[in-house]
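K.L.:
The following block contains the structure, expressed as structure tokens.
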Amino acid sequence: MPQGRTPVRFPVSAARGRRWREAVTGTPGAAALAALLSVTVMVVQAVVRGEYPFGDLPRGFDDYFAQFVPYHAMFQRLLHGDPGIDAQFNWFVGLGQPFLPDYAVYLGGPWTLLIGLFPVTRVELGMVVVTLLKVAMVAASMVVYLRIAHGAGHPVLAAVVGTAYATSGFILEEGLYDPMWLEGVAAFPLIALVGHWCRTGRHAVPSVLLIALLYWSNFYSAIMATIGAVYLTLVMALVDRLPPRRLGEQLGRLAVRGLLGVGLTLPLVLPGVLAGTQAPPLDMTYGPRNVPLWRYLSKLFSLTELLDFSPGLAIGTLLLIAALAFFAHRRIPLRERLTLGLGLVVMFATMSWDVTRLVWFGFTEPHGSFFRNAFVVSGFLLVLAWRFLLRPPPGLLATVLGGGAVLAVLGWLTLIHHRGPHHAWSTPLTVVMVLAAVAGVAVMAIRPGTRRVVGPILVSLLVLELGLNAVVVEQLRASVRQPMGRWYADADRDLALVREHRASGQGWPPYRLDDAAYWYGNQSGLLGEPGVRYYSSTFTAQSARVFADLGVPSLANGRLMGPTVEDAPLFALLGVSARLEHPEPGRSRVSTYRSFPLVRVAPPARPSVTGVASVFAHRDGLWDEQVYTAPVWATRPATDGAVVPAGNQTRLAGTCPAGGVLQADLRPAGGAVTLRTSGSTSGGQRVDTPAPDERPAPVTVALPATGAFDLAYVADNRAPQPLALDRFACFDAARAAGFVDAAQRDSPGLLVHGRHLEATWPHPVSGDVIVSTTAVDGWSCDVDGQPARIIPARACSACPCREPAASPAATRRPCSRRRPPRRSSAWRPSWRSASSGAVRSAGGATGAEHRPGPPRSGPPELRAGHAILAAGARRRPFPPHDSEG
């Protein structure tokens, strides 16, 4: 190098090196290590158990497979431009439902966008990746909050604390199989961090954007996280003796930033909030509403998750000892210990008081566990543990012994109260971890030079405990719950059958498919073929009542809707032309049915049939002419409303129209009723007393060609059963088949793309245009370019479009939907007429297309009318055709 020239790169390189070291050993490095450790724990437990995608054990339990996997599949289809769904409307579930409310509840946040990178056959793999990324975010968020708001500390210790938060009891019990809760677990420390920034007025814009991100991800769990974070902010203000004026300024800034952040996400969040207020009322919780103190204490220990429905609070024995030792730390001011201790007790108490519990859940009764805010308590305990680890006392051994003694007392209290459900290894594991902590601290106290060896050993033991807890909990879940399906194993076979069915011309549009291969849920979104079933907290009470009136079976007071039995008359009215079944593992079958198309023309409304149960009267009103009649009784009780004693039976004999079926809407009370052939002692169709929130399907009895029946109405030994003859009705299958055939011959060409629907007939038609979809807000319709009023008819899920009286017959009727500006109770479709027979999209959109079948000779003699939806009954009166794969 020439004399006199000074290189300038060395200082710059040194500065860069320092920045890299600070990044690695500082908060970013600690957060990254926590994310890596937590993901490693989850992956290792899956590998050890052989769980998908590292083995063949399914992950498809409960809502994870019934809601989250199908919703992510539907979102994947939306991202890839599937015409069955757009940002406004989703045809895949519930005969068509608004999509934004479900997006706000189940699919918010940036991580969900990654599902678009996976094919729909591997959407479960995408869900695993998204869930692991959320777990990593939970761990990193706690590390960032602790190091910024409470003190830096050792990065490895911070990473372990973050890992304990991301693998805590609540995560294992609720978060992994309801991934929406993971958003709230991450939101708690991050909103508390915003509260810390508000003390000095720093980072205003990042605070607003962070809150917006968290509420976009999941507003419901973010509400609980916000309540917990504000509470923690108040407690820390008391600990730091913040003057009232500064506290008011801090809370004011937090309120402003929170409102701005929520306001940014309001267009996405509000549909979910409003839909929740219109959902059917529900009192469906699992486990006790109030838990005794000893049960709370037992849940602090490992290996107690998933064994009952009390809160999941485990954070690892060593960190629990550290949290308890905090109160024995003599160098920490007594005021701080008392304030944080009282804060912890009050937080525990708010989980059991009815008034405060309503506050936690946004003044609504939870659908599920009463303790979904347990992650806030876990986070509070980890704050105590971290503040202890930041300032290890000179008498560390005595302090840890004090924490261990408190833990021993808690364990003794829970044991003498029988402790409730717990794994056999729980107590030995706790004892071993306490002894390890005491021994390790004793060695470090006697030989200070061993800290570099003993410290990593204790940290490794804690991580091993967290991993063992995860493995055992997952094994328990698999042993007590039945997996609902294995999409990763069935996808290729099922989708091949669905594609074959659609290629036959009987698929969507204009026909639907019932996903009977799966127990319940939204699996039609996996298959990519619209269906009837729907499971969502955003399903409106209005639509649920309509489905219940038509006898569509449901659970959870209508929030879980759809046929679970073969119901050919119902399929015919709802446009279901096929049913996918799994008759045995590794085998799929599609049965086909005659059904009305999505859009059809029908005669005007007529009086409902009398003398039969209301469910059959509602169904009958949706057919072109009467198809339900009361049976002609030959043998029956002397009086209607007779009571059959427990353990006895009565004979019912009579006739229905030739070729028909007998249906019964039975409602046993306190026992069960069985309909079987008279004279037989076994078999038949059994109906048990439904749960308060359950609506069972009507029973269908196949009849001989003559239509005659001779049945025994059998009450079991538990309770006498009433016998109401008007609950029986005959369905005229031959007459109904004629109406279906006529509608299929005159079916219009259809173009469907999300919220746009257009029907085109090859010749002018007039009459009641029936659209088989639910009566939700926001639709608008035209007739011949003029707006048309929509009048729901017969209390059905409907899109009624009444043409102006002077309007001529029409051939083309497009319909589109916008987000409703406010709550309302009726559809607003928008139909237009034209003379062209071509199928075109309203607004130029491309979509799923169906060309019309051969027209009937001449236009039908129908008056101008309205458009409604249809629904049906419980057996197949039309011969099915089966195909297998």
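Residues in the sequence shown are numbered from 0 upward in steps of one, following numbering that gives the first Met the number 0. Beta carbons: idealized from backbone N, C-alpha and C, even for Gly. All values reported here derive from a predicted model rather than from experimental measurement.
If we count the other Cβ atoms within 10 Å of its Cβ and call it buried at 16 or more, is G194 buried or exposed?
P.N.:
buried
K.L.:
Would A516 be called buried (16 or more neighbouring beta carbons within 10 Å of its own) or exposed?
P.N.:
buried
K.L.:
Buried or exposed for S536, please, with buried defined as at least 16 other CB atoms from any protein chain shown within 10 angstroms of its CB.
P.N.:
buried
K.L.:
Cα-Cα, which of V122, G520, V453, P82 is closest to E757?
P.N.:
P82
K.L.:
Quick one: using the 10 Å Cβ neighbour count with 16 as the cut-off for buried, is S679 buried or exposed?
P.N.:
exposed
K.L.:
Are there 16 or more other CB atoms within 10 angstroms of the CB of L665, so buried, or fewer, so exposed?
P.N.:
Result: buried.
K.L.:
Does the structure place the segment 704-712 close enough to the segment 597-615 that three or more beta carbon pairs sit under 8 angstroms?
P.N.:
no
K.L.:
Would you check if there are 3 or more beta carbon pairs closer than 8 angstroms linking the segment 250-267 to the segment 307-326?
P.N.:
no
K.L.:
Can you tell me whether W180 is buried or exposed, with buried defined as 16 or more other CB within 10 angstroms of its CB?
P.N.:
W180 comes out buried.
K.L.:
So what's L343 in DSSP terms, helix, strand or just coil?
P.N.:
helix
K.L.:
Excluding sequence positions up to five away, which residues of its chain have a Cβ less than 8 angstroms from the Cβ of V526?
P.N.:
Per the sequence shown, residue 526 should be read as Leu rather than Val. D493, L494, V497, L512, D514, L579.
K.L.:
Would you say A158 and L36 are within 8 angstroms of each other, going by their C-beta atoms?
P.N.:
yes
K.L.:
State the DSSP-derived secondary structure class of N89, mapped to helix, strand or coil.
P.N.:
Note: N89 maps to strand in three-state DSSP.
K.L.:
Over the uninterrupted alpha helix (DSSP H) stretch that includes L77, give me the two end residues.
P.N.:
68-78
K.L.:
Is T539 buried or exposed, if buried means 16 or more other CB atoms sit within 10 Å of its CB?
P.N.:
By the neighbour-count rule (16 or more Cβ atoms within 10 Å), T539 is buried.
K.L.:
From what residue to what residue does the beta strand (DSSP E) around Y712 run?
P.N.:
707-714
K.L.:
Counting C-beta neighbours from all protein chains within 10 Å, is the total for P69 16 or more, i.e. buried, or is it exposed?
P.N.:
buried
K.L.:
Hey, how far is the Cα of R198 from the Cα of G251?
P.N.:
In this model, R198 and G251 are separated by some 10 angstroms (Cα to Cα).
K.L.:
Going residue by residue through the segment 568-644, where are the continuous alpha helix (DSSP H) segments of at least 4 residues, counting only ones entirely within it?
P.N.:
613-619
K.L.:
Using the rule of at least 16 other Cβ atoms within 10 Å of the residue's Cβ for burial, across every protein chain shown, is I445 buried or exposed?
P.N.:
exposed
K.L.:
Is it buried or exposed, A278, if we count other Cβ atoms within 10 angstroms and call 16 or more buried?
P.N.:
Label assigned to A278: buried.
K.L.:
Assuming A322 contacts L233 under a Cβ cut-off of 8 angstroms, what Cβ separation, rounded to an integer in Å, is found between them?
P.N.:
Rounded to the nearest angstrom, the Cβ distance from A322 to L233 is 20 angstroms, too far for a contact under 8 angstroms.
K.L.:
Which class does S840 belong to by DSSP, given the choice of helix, strand or coil?
P.N.:
Low confidence applies to S840: its pLDDT is 24, below 50, so where it sits in the model is not reliable, and the reading given next is rough at best. The answer is coil: DSSP assigns S840 none of H, G, I, E or B.
K.L.:
Rounded to the nearest angstrom, what separates S309 and G777 at their Cα positions?
P.N.:
42 angstroms
K.L.:
How would you call H79, buried or exposed, if buried means at least 16 neighbouring beta carbons within 10 angstroms?
P.N.:
exposed
K.L.:
Can you tell me whether C729 is helix, strand or coil according to DSSP?
P.N.:
strand
K.L.:
Tell me whether the segment 737-746 and the segment 594-601 touch, counting them as touching only if at least three CB pairs, one residue from each stretch, are closer than 8 angstroms.
P.N.:
yes
K.L.:
So the candidates are A30, Y230, G748; which of them puts its Cα closest to the Cα of T759?
P.N.:
Comparing Cα positions, the closest option is G748.
K.L.:
Under a Cβ-count criterion, where at least 16 other Cβ atoms within 10 Å of its own Cβ denotes burial, should Q481 be classed as buried or exposed?
P.N.:
exposed
K.L.:
Over what stretch of residues does the beta strand (DSSP E) that includes G504 continue unbroken?
P.N.:
Element bounds for G504: n/a, residue is neither H nor E.
K.L.:
Looking only at its own chain, which residues have a Cβ that is under 8 angstroms from the Cβ of L457, when we skip the five neighbours before and after it?
P.N.:
Result list for L457: L317, A435, A436, G439, in chain order.
K.L.:
Does the beta-carbon distance from G466 to V43 come in below 8 angstroms?
P.N.:
yes
K.L.:
Roughly how many angstroms lie between the CA atoms of P568 and R650, to the nearest whole one?
P.N.:
26 angstroms
K.L.:
Please report how far the alpha carbon of N521 lies from the alpha carbon of Q66, in whole angstroms.
P.N.:
6 angstroms
K.L.:
Run through the segment 488-554 for me and flag every whole beta strand (DSSP E) of 3 or more residues, listed as ranges in chain order.
P.N.:
Runs of the beta strand (DSSP E) lying entirely within the segment 488-554, each at least 3 residues long, are 511-513 in chain order.
K.L.:
Give me the residue from Q648, A469, A571 with the minimum Cα distance to V47.
P.N.:
Out of Q648, A469, A571, A469 has the C-alpha closest to the C-alpha of V47.
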